[in-house]
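Only one structure is covered here, and it is reproduced in the block below.
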Amino acid sequence: MKHCSILFARFLREGKALMSLLAFFAALISAPFPSAGAETTLAGLRGGKVLILVEPGTVADLTVTLAPVYGWAEAVTLFGPDARVLQRLDTSRTLSTTETIRLSSPGLHVLHLKRSYMAEVNVSGAKTAFQPLLYQTSLRLPHTTRTYFTVPSGTDAFTAAFNNRVGLRASDGVAEIQGPDGFRARMARDGWSHSDLTNGVTVDPEIATYFTPDEEPDEFVPSTQRVSDPAPGVWSVDLLGNDVAFWLEGVPNRLAIRPTDLFTLEDPAPVAVRATIGMTALRPPILGSVGHLGPPGNARERQILDHGVSADKIFLHQRGDPETDRFSHPERLAPRADVFSLVVMRSVSDTLMGWPLAAAFEAAGKWAGTELAAVHRETGRPMDTLALQVLNEPNLGWNGARYRDLDDYLVALDAFIDGLEATDIGESVPLAAPALGSVSSETLIDWPWIEAVLDHQDAAIDVIVWNMYEIFELEDTNLYAEGLHRTRELIRTHDTDGQEEEIIIGATNRVGGLSDAGLFDGRIAGVWWSSVIANVANTGLAKALYYFQTLDTGPLRDKGLFRSDWSAKPQAMVMQAMGTAMRGATLRAVHTDHPMVEGVFAVNGAQRTLFLINKGWLPVSVSLDGIDLADVAVLDPVLNLADRTDAPLSGPPWVLPPQSIYQGAR
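Numbering (my numbering), first residue to last: -7 to 658.
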């Protein structure tokens, strides 16, 4: 029986460095097919998951080669049959690494790949399939490659989706599906560059956020093929393209290089998980959204506040002469009970940008202080209910000069503080910096900027702010907690005034820039946000956590808590449940012995509220230690969506289905 494998070949060039990577995936398929468990080589993989099914009484060998591409030092993780971490693989940001692991436990193993690496995966002794990312490119296939997927009996319809866009560019790509009954459908997409966009807007390819189309260009919209009443059985898809996305909806989103590698997962038994509630009281984070609440008392304000939002984020745009320009919406900063505001001095006017750097930002500081003093006089807003942030994501470029560096920022920060403190109200305004954007270096957060700001202006800075747009997968939300702990360590290490700065996560969502709306709506988006809240809340370290943003704002920016018609997305439902429970409460940390199970426990007077989150792919049976919750026998689902209706749970133990959120109170 002949061996069958897939061979991808490509040469990779990223940034200034030229890296050549010979990858695999040229379909060498012959009949009869080899037996299940024969050696399988998959390459050209960038992100997604490799699913490895080890049969009882057998062992499998897994070899993974990872070559760094544009990104950061992400962890590549192997999960065992109980969805617990088996191993985190060694990675390098400069060299390729290879690691071999023997899999001896029966059941499904999941290798979680990351987009910061091109991966070649070799498996012998087990059925192997690939689960591509939804909406994002995860394959590089320079030669036409045939893979297979399964359409189960009884399927009414399914959708195949295909895209070739990466940021503001695309290469030619083709996806052709074929059914066992002879059905064929072909999706072909042409390559393009930013200058080819249909609306004629010239776009800097390195700054995608500057592109704001009135409507989504055709080049951005994924191609889809909906198949009604499909023939059950094995289907094939031929794929071609450098950086392509292909995924399936309505049928298992799994591709295999041989039909015999396709498998059906039996309903697994729930994994036993133990949760413990600590006794230390923690301060909950204030949950906010990027955007303003509008004038007090309006219907939209009430809707936003009723969905658990207790903080807004308002931008001060200085556009004219600092002597005459005025903040045009002081009513947005009117005082509201228990509402915090992050006020961002996002830009300095073109008038000031013609001045020397220090002089420009000293004038900007005086302007900001003068405007906040006017707000205080006109509205009575206490200054301790807000923080003033100096610029936004300066490590990613600011005021149109992308290559301004940390030294320039420190000059600007010093001058801004001098100008602010020269005003009547300046010294009473809490000051926030450096408001970092994520992944400008090889780390998730640009730590040297935080260290430099603390060393330079520790006495003047009250709040450390960073934003986050790189943690889009459910398995990685623990990185929020790690980031908060590291920030606190730096605050303590670089302390010179005996006062610990607060920490605010000033904006976050699954991904930044121009992004497909599907990433920000639906069950996964809701579970992701609940998991972010839980990871942040259980540290007790964050003053505030901001979701980006309040409302969908149009093509490629539909990232809101609410859709454009103000209907609530799953994230808003989560915010309403968790934000309402945490408002005015104290928290006790929820710890579990499983990385896919998290929780929040809020105490508000006599009220006790427990949230349990299962973000994994297996059902879990959760028992509880640390507190008597006999009265919380029933947990109710937070999300009941069109894809699935979850029933209330009796317990403990409570058996949570995959990707679910439950709430109980007494």
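All residues carry an ideal CB built from backbone N, CA and C; glycine is no exception. In this text the structure is predicted, and so the values were computed from the model without any measurement.
Exposed unless 16 or more other CB atoms sit within 10 angstroms - verdict on residue i
i	result
T488	exposed
F175	exposed
G300	buried
V626	exposed
K8	The pLDDT assigned to K8 is 33, lower than 50, so where the model puts this residue is not dependable, and the model offers no usable value.
L87	exposed
G372	exposed
A351	exposed
A152	buried
T316	exposed
F17	Residue placement at F17 is poorly supported in this model, since its pLDDT is 33, which falls under 50; the coordinates are not used for a value here.
D447	exposed
N527	buried
Same chain, Cβ closer than 6 Å to residue i, neighbours up to 5 away in sequence not counted
i	result
S615	R266, P644, P645
T55	T92, N114
T343	D313
A303	I278, G280, F332, A536
N245	Q123, W239
E198	Since pLDDT at E198 reaches only 43, below the 50 mark, its modelled position is unreliable, and no value is offered.
R38	R107, M110, S130
R480	L533
Opening and closing residue of the beta strand (DSSP E) in which residue i lies
i	result
N527	Careful: N527 lies outside any beta strand (DSSP E), inside the alpha helix (DSSP H) at 515 to 529.
F707	Any question about residue 707 goes unanswered here, given that the chain covers just -7 to 658.
N234	225 to 241
A59	52 to 60
F307	303 to 309
E91	89 to 95
F150	149 to 155
Q217	215 to 220
D628	626 to 629
D487	Unbroken run through D487: none, as it is neither H nor E.
E293	No beta strand (DSSP E) contains E293, which is instead part of the alpha helix (DSSP H) from 291 to 298.
T33	32 to 37
T139	131 to 143
D617	612 to 617
T601	599 to 606
E494	494 to 500
G719	Nothing about residue 719 can be read from this structure; the chain reaches only from -7 to 658.
N- and C-terminal bounds of the alpha helix (DSSP H) containing residue i
i	result
D450	Taken as a continuous stretch (DSSP letters only), D450 belongs to no alpha helix (DSSP H), as it is neither H nor E.
Y401	398 to 413
W64	That residue, W64, is in no alpha helix (DSSP H); it is neither H nor E in DSSP.
G571	562 to 574
D317	First-last for D317: undefined, no H or E at that position.
I463	Element bounds for I463: n/a, residue is neither H nor E.
R373	From DSSP, R373 is part of no alpha helix (DSSP H); its letter is neither H nor E.
T343	342 to 345
Under 8 Å between C-beta atoms of residue i and residue j
i	j	result
P386	P426	yes
L436	E363	no
L476	W441	no
T83	T89	yes
A473	G270	no
S97	E66	no
F150	A167	no
T136	L34	no
E354	D410	yes
I456	I483	yes
L254	T142	yes
P587	A517	no
L100	L257	yes
L247	F71	no
T601	A573	yes
T268	D617	yes
Own chain, CB closer than 8 Å to residue i, minus 5 neighbours either side, in chain order
i	result
I21	Note on I21: pLDDT 30, under 50, position unreliable in the model; no value is reported.
A639	P629
P649	N606, P611, R636, D638
T50	G29, P98, G117, A118
L405	F353, V382, A425, P426, V445, H448, Q449
L349	D400, V403, A404, A407
Cut-off 7 Å between Cβ atoms - residues of its own chain near residue i, not counting five sequence neighbours on either side
i	result
L126	W239, G510
A577	P276, A594, V595, N596
S145	P224
S642	A625, V626
R157	E211, F212
Item to check | the stretch 274 to 285 / the stretch 295 to 302 touching (three or more Cβ pairs under 8 Å) | outcome: yes
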